[in-house]
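Counted from 1, the sequence shown has number 78 at position 73 by the numbering used here; the numbering is strictly sequential. For each residue, glycine too, the CB sits at the ideal point set by N, CA and C. Computed from a prediction, not measured in an experiment: that's the story for all the values here. One structure is given here, and the rest of the page talks about it.
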Amino acid sequence: AGLMASPSASAPASLSSHPVEAALIWGAALVPLVLLAHSLLPRRRIQSGKTSWRHARLVKAAVPLMGRSPSLPPPSAPPKPVDLTGYWLNTEIRGDFRAYMVSMGAPFLVQQAAKDQDYGVGKMRNVISNQTRWHLSLETNFPFVHSIDLELDGREREYGKDPLGRTLRYCARWEGSELVAYRGGVLLWKRGLEGPDTMLWHLFDSSGERVTRVFRKEAPILVRRDQQR
């Protein structure tokens, strides 16, 4: 009698009978999970012979999308840029700035240091120059000296670090006579004029609550120094 092939002999061999193949397939399937877990682990950084740890940011996953803009709400009004150029001194704060800092995650010591400096009132200066329809340069001296070239085309970009060491990433555009900034489609701040010599900088927390820095226009610093001589 001829030999009859059993059903199990004619069926394809299972992965369990080929452990090397099984390992390769499972390994390939696990690669994305391993990469995701790695991105969430704290990273070690060595500076001046000392080792410190910082948490990796999920925002790194958005780096390849920097050429694209996040979803933005429709503009509240057609763009009608106003001239923000000049030397501006912060003379007043409207609203609870400490509550704003708390809502933005500022540590207690940072809050206390800002309070001791009266949150920059009488100290913070903004110098705005080189303004065009799509660009302006901004310099500030509080809480540290910082300057940026702000693009006003509604595309998200990185602009260095904020006072808490977090990446400043947002997009800016004109909405009516106000310069407005968003991050991930969420409103961050607005700048506009309240008369020819007063500039308002509205800051919004994650819940939409607002505090406002009031700036008064002043003569250029060099001119004032010359007048004092």
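Query: When DSSP builds the beta bridges, which residues end up paired with Val-219?; Result: Glu-97 and Leu-205
Query: List in chain order: all unbroken alpha helix (DSSP H) runs of 4+ residues lying wholly within the stretch 113–137.; Result: 113–121
Query: Use the C-beta contact count for Asn-95: other C-beta atoms within 10 angstroms, 16 or more gives buried, fewer gives exposed.; Result: buried
Query: Hey, out of Glu-180, His-151 and Leu-157, whose CA is closest to Lys-166's CA?; Result: His-151
Query: How long is the line joining the alpha carbons of Arg-221 and Leu-192, rounded to whole angstroms?; Result: 24 Å
Query: Tell me where the beta strand (DSSP E) around Val-185 begins and ends.; Result: 183–188
Query: Ordered along the chain, which non-local residues of its own chain (more than five positions away) have a Cβ less than 6 Å from that of Glu-180?; Result: Pro-80, Ser-81 and Ala-82
Query: Helix, strand or coil for Arg-171 per DSSP?; Result: coil
Query: In whole angstroms, what separates the C-alpha of Leu-102 from that of Val-216?; Result: Looking at the sequence provided, one finds Phe at residue 102 rather than Leu. For Phe-102 and Val-216, the distance between alpha carbons rounds to 6 Å.
Query: Figure out for me which residue from Val-219, Glu-163 and Arg-160 has the closest Cα to the Cα of Pro-201.; Result: Val-219
Query: Please state whether DSSP places Ala-104 in a helix, a strand or coil.; Result: helix
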